[in-house]
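Visitor: Note that the protein sequences, when read in sequence, are chains A and B.
Just so we're aligned, residue 480 is where the first sequence starts under my numbering, counting upward by one.
Just so we're aligned, residue 480 is where the second sequence starts under my numbering, counting upward by one.
Every residue, glycine too, gets a C-beta built ideally from N, C-alpha and C.
Protein chains: 2
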Amino acid sequence: MNLTRVLKALGDGTRLSIVNLLRVENLCVCEIEAILQSSQSNVSRHLAKLRDAGIIYSEKRSQWVYYGINTDILTEHSFIKTLLDEDLVKHPQYQQDVEKLRMYREQNYECGPIENTGA
Amino acid sequence: MNLTRVLKALGDGTRLSIVNLLRVENLCVCEIEAILQSSQSNVSRHLAKLRDAGIIYSEKRSQWVYYGINTDILTEHSFIKTLLDEDLVKHPQYQQDVEKLRMYREQNYECGPIENTGA
DNA sequence: TGACTATATTCATTTTTAATCATATGATAT
DNA sequence: ATATCATATGATTAAAAATGAATATAGTCA
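In structure tokens, the structure reads:
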């Protein structure tokens, strides 16, 4: 069933990190790769799984593929909205991911590894 | 992390059926077994997984073990409440399970298989 | 006590999922 | 055209999860 597929897709730490980041802004694969410090193929596969479950969508822009949260699913499965807005935000792990994204943006990187500025 | 364990536990059709039934009333293993028409060991294991994730609790009453939804988790992870109240109830599959529970109660069975009354 | 019932657990097996490496595709820039 | 970059995918391996059958444990009842 669709619902179990959605739940299965959300039942993984890396994928929760991804949707949490996408809550902030749309990102391309290499950016997610850099922020989560995971391999390209691994991130790509996790993204594919989330997309297959209908949780995110992808959009090609020149050589990059940007991913974003599929807002339709938030109305179809309202628990996801609750999960993102009330649950995920509480967890240090996911707050940290957002902080890494902020650092990444601050340093104006484009698809490179995050430098530890010793914050 | 705890959150992924909860989501993993919910990412299975049988286990969603179980929590959906327990939303209606507390049940023992053999009742769930009869209603979902699944094997004893299988149901027992699914229940264990849900309990390990903190979603349900168990309570021994003489030779039976009754399971119920752990209300604490509904405040800790508010998305579960949304999932149960707004999401699960919409799906025919889970409505059907509740109907089977009703039939089971109507026939006043105790831990036996459901008879198809041709409803 | 012995037979029986409800549940949990162990073992063996199968299925599913995750991760990694290597390669393919398609776009861009020179 | 060639080199390069971003992404996806195939193949493989490793790890985790699901299932069935059999067994163990504990409670009940006669």
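(1) Quick check on the DSSP output: the beta strand (DSSP E) that includes I538(A) runs from which residue to which?
(2) Sort L515(B), L500(B), S537(B) by Cα distance to Y545(B) and report the nearest one.
(3) For chain B, find out if any of its Cβ atoms is closer than 7 angstroms to the Cβ of H556(A); answer yes or no.
(4) Kindly identify the DSSP beta-bridge partner or partners of L506(B).
(5) Please check if any C-beta of chain B sits within less than 7 angstroms of the C-beta of E594(A).
(6) Assign G492(A) to one of three DSSP states: helix, strand, or coil.
(7) Using CA coordinates, which residue listed in Q519(B), T483(B), S518(B), T550(B) is at the minimum distance from N505(B)?
(8) For D491(A), go through chain B and note every residue whose CB falls closer than 7 angstroms to its CB, in chain order.
(9) Go through its chain and collect everything with a Cβ distance to H556(A)'s Cβ below 8 angstroms, but skip five positions before and after it.
Guide: Reading off the structure:
(1) In the first sequence, residue 538(A) corresponds to position 59, counting from 1. Just to set this straight, residue 538(A) is Glu in the shown sequence, not Ile. For E538(A), the uninterrupted beta strand (DSSP E) segment begins and ends at 535-540.
(2) By one-based count along the second sequence, residue 545(B) stands at place 66. Ranking L515(B), L500(B), S537(B) by CA distance to the CA of Y545(B) puts S537(B) first.
(3) For the purposes of this step, residue 556(A) is identified with residue 77 of the first sequence, where counting begins at 1. H556(A) counts as touching chain B.
(4) Residue numbering aside, residue 506(B) sits at position 27 when the second sequence is read from its first letter. Beta-bridge partners of L506(B) (DSSP): Y546(B).
(5) The residue labelled residue 594(A) in the question sits at position 115 within the first sequence. Residue placement at E594(A) is poorly supported in this model, since its pLDDT is 37, which falls under 50; the coordinates are not used for a value here.
(6) Indexing the first sequence from 1 puts residue 492(A) at position 13. DSSP places G492(A) within a helical segment (H, G or I) once states are collapsed to three.
(7) Taking the second sequence and counting its residues from 1, one reaches residue 505(B) at position 26. Nearest of Q519(B), T483(B), S518(B), T550(B) to N505(B), Cα basis: T550(B).
(8) Start at 1 with the first residue of the first sequence, and residue 491(A) comes out as number 12. Going along chain B in sequence order, the residues near D491(A) (Cβ under 7 angstroms) are T483.
(9) Indexing the first sequence from 1 puts residue 556(A) at position 77. Closer than 8 angstroms at Cβ, skipping near neighbours: L482, V485.
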